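Enquirer:
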Amino acid sequence: MAPSRCALAGARALRRGIARPWRSFWPVWRARAKPAAGAARLAGVSVATRVIPCLDVDAGRVVKGVNFQGLRDAGDPVELAGRYDAQGADELTFLDVTASSGNRDTMVDVVRRTAEQVFIPLTVGGGVRTVEDVDRLLRAGADKVGVNTAAIARPALIAEVADRFGAQVLVLSADVRRRRNDQDRGTGDFEVTTHGGRQGTGLDAVAWCVQATGLGAGEILLNSMDADGTRDGFDVELIALVRAAVSIPVIASGGAGALEHFAPAVRAGADAVLAASVFHFGHLTIGAVKDALRAEGLAVR
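Mapping the sequence shown onto this note's numbering, position 69 (from 1) lands on 58, and the numbers just tick up by one.
1. Measure from the alpha carbon of Val86 to the alpha carbon of each residue in Glu80, Tyr73, Arg61, Gln106, then state which is nearest.
2. Which value, in whole angstroms, describes the spacing of the CA atoms of Glu149 and Asp122?
3. Would you say Asp193 faces chain B, with C-beta separation under 8 angstroms as the test?
4. Please classify Asp98: is it buried, with 16 or more other beta-carbons within 10 angstroms of its beta-carbon, or exposed?
5. May I ask which residues mark the beginning and end of the alpha helix (DSSP H) holding Gln188?
6. Alpha carbon to alpha carbon, what distance is there between Ile41 and Leu273?
7. Quick one: grab the DSSP three-state call for Ile237.
8. As a quick exercise: from Glu285, Arg143, Gln200, pick the residue whose alpha carbon is nearest that of Val255.
9. Can you tell which of Phe270, Pro253, Gly271, Ala259 has the C-alpha that lies nearest to the C-alpha of Ala281?
10. Whose C-beta lies closer than 6 angstroms to the C-beta of Asp132 among residues of the same chain, with five residues either side of it excluded?
11. Within the segment 36 to 122, note down every full alpha helix (DSSP H) run reaching 4 residues or more, in order along the chain.
12. Per DSSP, which residues does Trp213 bridge with? Please list them.
13. Should Ala156 go down as buried or exposed, given a rule of 16 or more other Cβ atoms within 10 Å for buried?
14. Quick check: Asp260 and Ile240, are their CB atoms within less than 8 angstroms of each other?
15. Note down, in chain order, each residue of its chain lying with its Cβ closer than 7 angstroms to the Cβ of Val278, except the 5 sequence neighbours on either side.
16. Would you say Ile147 and Ala206 are within 8 angstroms of each other, going by their C-beta atoms?
17. Measure how close the beta-carbons of Val113 and His269 come, nearest whole angstrom, since I'm counting them as under 8 angstroms.
18. List the DSSP bridge partners of Gly293.
19. Looking at the structure shown, is Trp15 part of a helix, part of a strand, or coil, going by DSSP?
20. Using only CA atoms, which one of Val134, Thr138, Val165 lies nearest to Ala151?
What follows is the structure, given as structure tokens:
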């Protein structure tokens, strides 16, 4: 069951006003609502698919490009968030694409202003390096926080965040690209990358997702850097491989371009589908995506 607007508003007020360890008062609805979604899907239980717009934020503005390159302005993040809330989005994801220290204050302000007006769950990622960064974003109004590069450099960060705030708060954001010997697809050879997919890490993507799950990640945002911004469809092979290896929810990201792209991602094992430019520039709406999923016999909220 999704949290009510009143529940989210109350939880955010608590997070801002009470200076004590988070785990003692973190809202119980999230611990009950979603942590076993991936396991339920593996067991054949029907789970409602979440539809999530992603807002890549640079200096307080939403931007979008291909493979994080050639970024162009897509609007005001708070305004877009309100629009997606009205359309029936299940959650929102904000990603700070520059993640500089100077941009961090701007991002916190964006989260705070959004949380004051929009009462659906907010996930925020980009530039999160410490437990203190997580604390600050949660106090600003985020419901979940994504970690990426810092967790690759120091995997213990995952356990530290999960231990302090609970696994339900922590999203592993994995930017994944096929290795050069797998460009024709079929061998399942995927590598975790950083710097917008431009720098390889040597980490096998599936193994990294398994390791992060064991350390306490509560959800995986699985972004195909090969498909990002191309509108050619999600990488269903990648989704299926990760889904088979982990029991926590998987969010499919990268490649959405048409209504027919979403159902295959869900059938491959995604618990949620995430898209950006197709929503920002009016090519698709949240409602149209949900209608398309319903037409394929898939449950939505």
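Built from N, CA and C at the ideal position, the CB exists for glycine as well. Just so you know, these numbers come straight off a predicted model, no measurement behind them.
Expert: If we stick to the structure as given:
1. For the options Glu80, Tyr73, Arg61, Gln106, the alpha carbon positioned closest to that of Val86 is the one of Arg61.
2. 12 angstroms
3. In summary, chain B is missing from the structure at hand, where a single protein chain is found.
4. exposed
5. Element bounds for Gln188: not the alpha helix (DSSP H) but the beta strand (DSSP E), 188 to 193.
6. Straight-line spacing of the CA atoms in Leu273 and Ile41 works out to 13 angstroms.
7. coil
8. Each of Glu285, Arg143, Gln200 was checked against the Cα of Val255, and the nearest Cα belongs to Glu285.
9. Pro253
10. Pro110, Leu111
11. 66 to 76, 90 to 106
12. Looking at the sequence itself, residue 213 is Ser, so the reference to Trp does not match. Answer by DSSP bridge pairing, in chain order: Val165.
13. With a threshold of 16 other beta carbon atoms within 10 Å, Ala156 meets it and is buried.
14. yes
15. Listed in chain order, the non-local C-beta contacts of Val278 below 7 angstroms within the same chain comprise Val40, Leu248, Phe251, local neighbours out to five positions each way being set aside.
16. yes
17. No, Val113 and His269 are not in contact; Cβ-Cβ is about 18 angstroms, not under 8 angstroms.
18. Outside the displayed range of the chain (-10 to 290) lies residue 293, so it cannot be described from this structure.
19. Only weak support is given to the placement of Trp15: the predicted model assigns it a pLDDT of 41, under 50, and the value that follows is read from those uncertain coordinates. Note: Trp15 maps to coil in three-state DSSP.
20. Val134
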